[in-house]
Each structure stands twice: as C-alpha cells, then as structure tokens.
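**Q** Letter by letter, the sequence shown follows residues 40 to 118 in the working numbering. All residues carry an ideal CB built from backbone N, CA and C; glycine is no exception. From a predicted model like this one, the values you see are computed outputs, not experimental measurements. Structure in structure tokens, see below.
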Amino acid sequence: MEACYSGSMFHDVLPSNMGVFVTTSAKEDEQSWSAFCHDKRINICLANEYSYAWITDSQYKDLKKRTLDQQYEEVDKRT
C-alpha cells in the first residue's frame, strides 16, 4: 500500500497468526516519499520511492527464487 501514514491501515489490526503479508510505503506515523516530481507542467509526482523500488525490484529479480521477506528486505534497504 502506498500513501502517507499507510502503516496505520494495518497497525494493531491483523492478528499475527493470520498468515497475511502486508507491506506499506510508510509507518503509521510517517509520510511516504514522492518520486519523479520533475515536470512542473503537470504539478504531480508520478510515483512513490517505495512503490517504485518494489516494482523495479520485481522487474529485475527472479521472483521464483526469492521470498516476499527477501524482497521486502532489499527494497527497505534502498528506500
């Protein structure tokens, strides 16, 4: 999930034994970081650093050989 304070959507909501993998672009108390905001004509950012890193990682890595936890760790290091 990509949005400022997006971690609040799941903070203390899902039980730990539910078996659901959730990743968000920000913690419950922080803003996310915009990316590709260079074109002043459209006055909008085209991505978020976290989601762009996740998508890029998905494109260039063999997802059949990695777990979601491994992908999360790699993306978390880059953002």
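1) Can you have a look at S55 and say buried or exposed, based on whether 16 or more other CB atoms are within 10 angstroms of its CB?
2) Count the C-beta pairs between the segment 87-94 and the segment 61-74 that are closer than 8 angstroms, then say yes if the count reaches three, no if not.
3) What number of angstroms, rounded off, separates the C-alpha of V52 from the C-alpha of D101?
4) Alpha carbon to alpha carbon, how far is D108 from T62?
5) In chain order, what residues of the same chain have a beta carbon less than 6 angstroms from the beta carbon of K66, not counting five sequence neighbours either side?
6) Taking Cβ positions, are M40 and S64 nearer each other than 8 angstroms?
**A** Here's the rundown:
1) Counting from one through the sequence shown, the residue named residue 55 turns up at place 16. Per the 10 Å Cβ criterion, exposed.
2) Taking 8 angstroms as the limit for Cβ pairs, the verdict is that the segment 61-74 does touch the segment 87-94.
3) For the purposes of this step, residue 52 is taken as the residue at position 13 of the sequence shown. For the purposes of this step, residue 101 is taken as the residue at position 62 of the sequence shown. Going from the Cα of V52 to the Cα of D101 covers about 32 angstroms.
4) Here the question's residue 108 lines up with position 69 in the sequence shown. Here the question's residue 62 lines up with position 23 in the sequence shown. Spanning the two alpha carbons is a distance of roughly 10 angstroms.
5) The count along the sequence shown starts at 1 and reaches residue 66 at position 27. The residues are G46.
6) Within the sequence shown, residue 40 is the residue found at index 1, counting from 1. Within the sequence shown, residue 64 is the residue found at index 25, counting from 1. Cβ distance < 8 angstroms, so M40 and S64 count as in contact.
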